[in-house]
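A short worksheet on the structure shown next.
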Amino acid sequence: MDLNTGCGDNPVFDESLEFQINLPELAVLRFVVLDDDYIGDEFIAQYTIPFECLQPGYRHVPLQSLAGEPLPHAT
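In terms of the numbering used here, the sequence shown opens at residue 25 and continues consecutively.
In structure tokens, the structure reads:
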């Protein structure tokens, strides 16, 4: 899913996605934040969570570097 957030401050992801999960114990959900420009997509941050750990409702996720290290002040 691509989402253009303009200047990037406080983006809102008002989207619904549906997937068929056959083996929930093996499934993960990965969020990736990219800076899309004319040269290409620059990786900014990521967060990966096992499907079985997902909970309903509004959540903040602690963003991580490509190496999986926490990024301070990034949720």
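Ideal Cβ positions, reconstructed from N, Cα and C, are used throughout, including at glycine.
Residues 69, 87, 88 and 89 of the same chain have their beta carbon placed closer than 7 Å to that of residue 95, with the five preceding and five following residues left out of the count. No Cβ-Cβ contact shorter than 8 Å links residue 67 with residue 78. Residue 75 carries a helical assignment under DSSP once its states are collapsed to helix, strand and coil. At least 8 Å separates the beta-carbon of residue 73 from that of residue 41.
Pairing residue 76 with residue 55, the inter-Cα distance amounts to about 16 Å.
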